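A short write-up of the structure that comes next.
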DNA sequence: GCCGTTTTCGGCCCGACTGTTTTCAGTCG
């Protein structure tokens, strides 16, 4: 609940920022966007701060001053912000929808509205297809092509939401349904339970002796916008955030069968049911039956067991070899959630993070971590104020001092950097400075459009560098926003193995990069994985489990992931890899 | 609209890249 509230305030401030920006208002947009970013990453509840200390308390939040504090207060007390509503009236354009199109920003949105009365993506697509856009100032043929491509991409991702967006909401709904009197169990199943990177709808299984009470509570949730259908065992609704949710209520005795039925993906379920048929059984959401006799239904474990299979963890139920492996008892012992001991990608306010090194360290400690690596951007990523050799040295001194301070707490801060890989595969920091770091991490942030051959050669050259330990977000994709750059993953992974570089499983909600399939291949090739949050704010350490989920989907064990080790062992391992 | 060991007023993050231009606006994060 807490997180959702902050997200909501952050979204509103972001909207303020967008509308101010299209109106070419100077400086205010970045002030609003900054405040939104900070609030989105906060672990404390803004409404709690307001309840306890009023506007003064809000003023104390970094990035929030008198003006924005007033807006937040207005939102908390009245549910809307007058100025935002007025701006929307004056400029009736879906700014967030249009700016989601790659290459379309505030200036272009303003021009498109003023010249062609374009208010949303549908308008834009029509205008582009009629070639009305190319004539405008600063728009040409290529702009039209780019816009069309951007719109197509958005359409492909339509209707699916990020795992990291949906999980907190689903867990929140789960908790609220569980508190309904008479409810025995509630579990979110479906693609969320499998921890798939994007989610099409929320499937919930509940057991109770009083189905109607749960259904009524479900329909009465404030998030419910529309009820498609509702009966004693199944209710389907649309939630206001733009995703459907289904609640299925079964008797306590067939809980396992229902869960099994609603968790596996389509193909997994078909395969499992085929096995049942072969053995003379029938499998449904009500149980495993021989003729009419119930064989198993209470737990998933007993159902799989009766079918001659080991228990298959939800993340693996995708019909990609898990059933054969379960039959010969060859499933991997998956890395447990919560087993990361140190986070090796953390940004701070030295560049584009929004908290100090000390604040991030404290948040990491609170999240149960034993160490973090500070990995701010380097100089060629100018928009983030990337660090050069001098600044890296200065930052190193600050880290030394903090390590002294945290000595009794046995918490360790490592010196590192997210070193930018240049177009030719070289790094933008001299080796002499890199040698002073505890570990060197590299990443691509530009020249996304190189051919597959060029991109692969470029990255492999960086991996070959004798000081490089980890490749961050190896494919550069942003789910639903930007495709991965063209990259020969097989060659890249083989190079990582040869040159002793670990691959990151990045937990940022729209990255999840490497993704499950690549992780699985990496592990097959003996490449080590590192699970990182890519935290830019104290609240982001909570994302680590999202990447652990992807490692699990990639059949990863604890021993495949280097930062499940203690800080000393992890560093020693990375050094040994390089030899 | 926010912020302050250069400032309570006057700055606002330091740049690369693309596609549009014919010297530069707009986007990216």
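Residue numbers (the working numbering): 23 to 601.
Beta carbons: idealized from backbone N, C-alpha and C, even for Gly.
Computed from a predicted structure; not experimentally measured.
The way I'd put it, the region 330-339 does touch the region 272-290; three or more beta-carbon pairs between them come closer than 8 Å.
The straight-line gap separating the alpha-carbon atoms of residue 58 and residue 108 is approximately 20 Å. Burial state of residue 139 is exposed, judged by a 10 Å Cβ sphere holding fewer than 16 other Cβ atoms.
The three-state reading of DSSP puts residue 491 in coil, since its state is none of H, G, I, E or B. Residue pairing by DSSP puts residue 226 in a beta bridge opposite 210 and 269. By alpha-carbon distance to residue 461, the top candidate from 435, 169, 312 and 443 is 435. Relative to the Cα of residue 441, the nearest Cα in the group 430, 459, 431 and 426 belongs to 459.
In the pairwise beta carbon analysis, the region 134-154 is classified as not touching the region 531-538: fewer than three pairs are separated by under 8 Å. With a threshold of 16 other beta carbon atoms within 10 Å, residue 309 meets it and is buried. For the pair residue 510 and residue 232, the Cα-to-Cα distance works out to about 55 Å. By the neighbour-count criterion, in which 16 or more other beta carbons inside 10 Å mark a residue as buried, residue 238 falls on the exposed side.
With a beta-carbon spacing of about 5 Å, residue 282 and residue 325 fall inside the 8 Å limit used to define contacts.
The beta carbon of residue 482 sits closer than 6 Å to the beta carbons of 517 from its chain, once the five residues preceding and following it are set aside; these are given in chain order.
Between residue 39 and residue 55, the C-beta spacing is below 8 Å. A contact is defined here as three or more CB-CB pairs under 8 Å, and the region 208-225 meets this definition with respect to the region 187-195. Distance from residue 241 to residue 252 at the Cβ level is roughly 6 Å; contact confirmed, criterion being Cβ atoms closer than 8 Å. Look at residue 309 here: in three-state DSSP terms it is strand. Beta-bridge partners of residue 400 (DSSP): 409. Apart from the 5 residues on each side of it in sequence, residue 93 sits with its Cβ closer than 6 Å to the Cβ of 103 in its chain, given in chain order.
When C-alpha distances from residue 374 are compared across 208, 439 and 41, the shortest belongs to 439.
Counting only runs that start and end inside the region 59-144, the alpha helix (DSSP H) elements of at least 4 residues fall at 68-81, 88-100, 104-112, 117-121 and 128-138.
For residue 383 and residue 390, the gap between their C-alpha atoms comes out near 11 Å.
Sequence-distant partners of residue 582 (beyond 5 residues in either direction) whose C-beta falls short of 8 Å from its own C-beta, in its chain, are 357, 545, 550, 551 and 573. Residue burial is scored here from C-beta neighbours: residue 64 has at least 16 other C-beta atoms within 10 angstroms and is therefore classed as buried. In the structure shown, residue 220 falls within a strand segment according to DSSP collapsed to helix, strand and coil.
Around the CB of residue 576, 16 or more other CB atoms lie within 10 Å, so the residue is classed as buried. Beta-bridge partners assigned by DSSP to residue 318: 310. Ranked by how close their Cα comes to the Cα of residue 415, the residues 456, 406, 492 and 431 have 456 in first place. Contact between the region 347-366 and the region 304-320 is not established, with fewer than three Cβ pairs separated by less than 8 Å. The straight-line gap separating the alpha-carbon atoms of residue 184 and residue 531 is approximately 7 Å.
In this structure residue 192 is not in contact with residue 376, their Cβ atoms being roughly 27 Å apart against a cut-off of 8 Å. For residue 533, DSSP records no beta bridge to any residue.
Contact between residue 137 and residue 158 is confirmed by a C-beta separation of about 6 Å, below the 8 Å threshold. At a Cβ-Cβ threshold of 8 Å, residue 249 and residue 132 do not count as neighbours. Every unbroken stretch of the alpha helix (DSSP H) spanning 4 or more residues and falling wholly within the region 429-515 is given here in chain order: 453-456 and 474-486.
If the five residues before and after residue 227 are omitted, its C-beta is found closer than 6 Å to the C-beta atoms of 209, 211, 270, 280, 281 and 284, all from its own chain and listed in chain order.
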